[in-house]
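One structure below.
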Amino acid sequence: MSVQQVTEAELLARVERCMAGERLVVEHEGKRFSARVQHVGSTGVKVIPETALQGSHGAPGDMDGFMVSFGEIMEVEIGGVTYRWR
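Numbering (the numbering used here), first residue to last: 0 to 85.
Here's what the structure looks like:
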């Protein structure tokens, strides 16, 4: 896996094209954590923290995530490449 430093604009352009299940690192309410994309909207991304997914045995779609703004996203992993702006 490789890591590429990108500008915030480049990162957001990649996030806007994300599909469900792709990994993000988010800084939300003073906490930084990894999460999986549930849905990309026009004002932010609905995510499920990876800690909530551990040990989950429900069917896909059973978990309800929460919205984070695009500005709270620190990095995104797509196709084995991590794009980071901070």
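Virtual Cβ for every residue (Gly too), placed ideally from N, Cα, C.
Can you tell me where the alpha helix (DSSP H) holding T81 begins and where it ends? As a working mapping, residue 81 is identified with position 82 in the sequence shown. For T81, no alpha helix (DSSP H) segment is defined; the enclosing uninterrupted segment is the beta strand (DSSP E) at 80 to 83.
Quick one: residues in its chain with C-beta nearer than 8 Å to the C-beta of S33, no 5 flanking neighbours on either side, listed in chain order? Taking the first residue of the sequence shown as position 1, residue 33 is located at position 34. Cβ-Cβ distances below 8 Å link S33 to R22, L23, V24, V25, P48, E49 in the same chain, with the five nearest sequence neighbours on each side left out; the list follows chain order.
Run the CB neighbour count on L52, radius 10 Å, all protein chains shown included, and call it buried at 16 or more, exposed below. Sequence index remark: in the sequence shown, residue 52 carries index 53 (1-based). Around the beta carbon of L52, fewer than 16 other beta carbons sit within 10 angstroms, so the residue counts as exposed.
Nearest CA to the CA of F16: which residue from F65, K30, G40? Position 17 of the sequence shown holds residue 16. In the sequence as displayed, the identity of residue 16 is Arg instead of Phe. Ranking the options by Cα distance to R16, first place goes to G40.
Ordered along the chain, which non-local residues of its own chain (more than five positions away) have a Cβ less than 8 Å from that of Q3? As a working mapping, residue 3 is identified with position 4 in the sequence shown. These residues qualify, in order along the chain: V80, T81, Y82, R83.
What do you reckon, are the CB atoms on G29 and M66 nearer than 8 Å? Residue 29 sits at position 30 when you count from the first residue of the sequence shown. Residue 66 sits at position 67 when you count from the first residue of the sequence shown. No. Outside cutoff.
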